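S.K.: Can you read through this structure? Questions will come right after.
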Amino acid sequence: IKNNNPFKKLNDEIFVYVARKQREIDELKRLEQFRREFLADVSHELKTPIFAAQGFIHTLIDGAVDDEKVRDKFLSKAAKSLDGLDALVKDLVALSQLETGEVKMSFGRVDLTHVTQEVFDQLESIAQAKKASLTIRTTQPGPVWVKADSQRITQVMTNLVENAVKYGNENGRVVVNLEEDKKHILVSIRDNGPGIPPEHLSRIFERFYRVEKSRSKDRGGTGLGLAIVKHILNAHKTKITVMSKVDKGTTFRFKLDRME
Ligand code: ADP
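Remember, the UniProt record's numbering sits 84 above the position in the sequence shown when you count from 1.
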């Protein structure tokens, strides 16, 4: 008898409609919350280097400028804060363009050994400062061709190798391994540094997420490096994974389409 109730169908439809609207409202709330948190994070991150630079400059104006030693020290500290600010703004722009899909990827045939070598050259001085060794391993000598956006994939390799050096140990070892299978090149970036505790692993690709806040900031990171890496690889329709063991080291892996 119940099933013949003419109101039952209407009732069901209303129920489905209300449930859908509720989901839409929840999604909007989630987005709003995300936007609010993002804005709070960005303002906080911007404030830090601005306050620091301001502090040094005002102290100089207030008289510290007369002492030559103090002057040089404070000027270089102010400059360092402003360099950090510059890097942060650049990374923010890059990330926001990647997130909104504003950047057009320009895919072509890219030699990953060449990219890696370029990245090693670029990071030579920070590697030397930590006495870290940078090694590339390939199955065969010669170029390793993949389909990629050359500039963006260079950015990915730079961020990952730089992190491996920055967070790695003194005298550490960083190895980039390029392995071939039928269709792909498997890329891994491995270090023998302090590793990342398991409870942090799933979060390191979030923007501004740092395992050790003060330590990472000292090392000049913007906290956006891995978020940028993730987005660039997304645009290459591939995913990055990370494996890490405390006191043993960390390995990041992803694969790219091979080209002949
Ligand atoms: P940051 O600008 O702080 O380096 P990233 O997004 O590049 O930001 O990295 C996020 C955090 O992940 C870092 O602050 C650091 O704590 C951790 N991390 C990244 N790579 C490594 C690594 N190779 N070894 C240990 N910790 C790492």
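The beta-carbon is built from N, C-alpha and C at its ideal position, and this holds for glycine as well. Computed from a predicted structure; not experimentally measured.
#1: In the DSSP assignment, find the beta strand (DSSP E) that holds residue 263 and state where it starts and stops.
#2: Helix, strand or coil for residue 333? Go by DSSP, reduced to three states.
#3: Could you work out which residue in 307, 314, 333, 340 is closest to residue 169 when comparing CA atoms only?
#4: Should residue 291 go down as buried or exposed, given a rule of 16 or more other Cβ atoms within 10 Å for buried?
#5: Could you say which of 156, 128, 225, 184 lies nearest to residue 263 if we only look at CA atoms?
#6: What alpha helix (DSSP H) runs, 4 residues minimum, are completely inside the region 126-213?
#7: Here's a check: name, in chain order, each residue in its chain whose Cβ is nearer than 8 Å to the Cβ of residue 207, leaving out the five neighbours to either side.
#8: Please indicate yes or no: does the CB of residue 179 lie closer than 6 Å to some heavy atom of the ligand ADP?
#9: Would residue 322 and residue 260 be called neighbours here (beta carbons separated by less than 7 Å)?
#10: For residue 216 and residue 256, which I take to be in contact (beta-carbon distance under 8 Å), what is that distance rounded to the nearest angstrom?
#11: Do residue 180 and residue 133 come within 7 Å of each other at the CB atom, strictly closer than that value?
#12: Closest to residue 273 by C-alpha separation, out of 320, 327, 109, would be which residue?
#13: Residue 162 and residue 137 - do their beta-carbons sit closer together than 7 Å?
#14: For residue 339, count neighbouring Cβ atoms within 10 angstroms of its own Cβ and tell me buried if that reaches 16, exposed if not.
#15: Who does residue 320 pair with in a DSSP beta bridge?
#16: Rounded to the nearest angstrom, what separates residue 220 and residue 337 at their Cα positions?
#17: Buried or exposed, going by whether 16 or more other CB atoms sit within 10 Å of the CB of residue 223?
#18: Is the beta carbon of residue 319 less than 7 Å from the beta carbon of residue 189?
#19: When you compare only the Cα positions, how much space is there between residue 146 and residue 129?
#20: Under 7 Å, do residue 289 and residue 329 count as touching if we go by C-beta distance?
#21: In terms of DSSP beta bridges, what is residue 327 paired with?
#22: Can you check which of these residues, 124, 102, 235, is closest to residue 203 by C-alpha distance?
#23: Which class does residue 234 belong to by DSSP, given the choice of helix, strand or coil?
#24: Which one of 267, 231, 278, 265 has the shortest CA to CA distance from residue 251?
M.R.: A quick look at the data gives this:
#1: Residue numbering aside, residue 263 sits at position 179 when the sequence shown is read from its first letter. Unbroken beta strand (DSSP E) run through residue 263: 257-264.
#2: Translated into positions along the sequence shown, residue 333 becomes position 249. Strand at residue 333.
#3: Mapped onto the sequence shown, residue 169 falls at position 85. Out of 307, 314, 333, 340, 307 has the C-alpha closest to the C-alpha of residue 169.
#4: Here residue 291 refers to the residue found at position 207 of the sequence shown. Burial call: buried.
#5: Numbered from 1 along the sequence shown, position 179 holds the residue referred to as residue 263. Comparing Cα positions, the closest option is 225.
#6: 152-183, 196-206, 208-213
#7: Along the sequence shown, read from residue 1 onward, the residue named residue 207 stands at position 123. Result list for residue 207: 218, 242, 245, 246, 249, in chain order.
#8: In the sequence shown, counting from the first residue as 1, residue 179 sits at position 95. Residue 179 Cβ: outside cutoff for every heavy atom of the ligand ADP.
#9: Here residue 322 corresponds to residue number 238 of the sequence shown, with the count starting at 1. Here residue 260 corresponds to residue number 176 of the sequence shown, with the count starting at 1. Contact: no.
#10: The count along the sequence shown starts at 1 and reaches residue 216 at position 132. The count along the sequence shown starts at 1 and reaches residue 256 at position 172. Residue 216 to residue 256, Cβ: 5 Å. Contact.
#11: Looking up residue 133 in the sequence shown gives position 49. Looking up residue 180 in the sequence shown gives position 96. Result no, Cβ atoms of residue 133 and residue 180 do not sit closer than 7 Å.
#12: Here the question's residue 273 lines up with position 189 in the sequence shown. It is 327 whose Cα lies nearest to the Cα of residue 273.
#13: Counting from 1 along the sequence shown, the entry for residue 137 is found at position 53. Counting from 1 along the sequence shown, the entry for residue 162 is found at position 78. The answer is yes: Cβ separation under 7 Å.
#14: The residue given as residue 339 occupies position 255 in the sequence shown. Residue 339 should be labelled buried.
#15: As a first step, residue 320 must be located in the sequence shown, where it is residue number 236. Looking at the DSSP assignment, residue 320 forms no beta bridge with any residue, so it has no partner.
#16: The residue labelled residue 220 in the question sits at position 136 within the sequence shown. The residue labelled residue 337 in the question sits at position 253 within the sequence shown. Those two C-alpha atoms are separated by around 14 Å.
#17: Locating residue 223 in the sequence shown gives position 139, counting from the first residue. Exposed.
#18: As a first step, residue 319 must be located in the sequence shown, where it is residue number 235. As a first step, residue 189 must be located in the sequence shown, where it is residue number 105. Here residue 319 is near residue 189, since their CB atoms are less than 7 Å apart.
#19: Position 62 of the sequence shown, counted from the first residue, corresponds to residue 146. Position 45 of the sequence shown, counted from the first residue, corresponds to residue 129. Residue 146 and residue 129 have their alpha carbons spaced roughly 26 Å apart.
#20: Within the sequence shown, residue 289 is the residue found at index 205, counting from 1. Within the sequence shown, residue 329 is the residue found at index 245, counting from 1. Taking a C-beta distance under 7 Å as the contact criterion, residue 289 and residue 329 do not qualify as a contact pair.
#21: As a working mapping, residue 327 is identified with position 243 in the sequence shown. Note: residue 327 sits in a beta bridge opposite 335.
#22: Locating residue 203 in the sequence shown gives position 119, where the first residue counts as 1. Of the candidates 124, 102, 235, the one whose C-alpha sits nearest the C-alpha of residue 203 is 235.
#23: Locating residue 234 in the sequence shown gives position 150, where the first residue counts as 1. Assigned with DSSP and collapsed to three states, residue 234 falls in helix.
#24: Taking the sequence shown and counting its residues from 1, the one referred to as residue 251 is at position 167. In terms of Cα proximity to residue 251, the closest of 267, 231, 278, 265 is 278.
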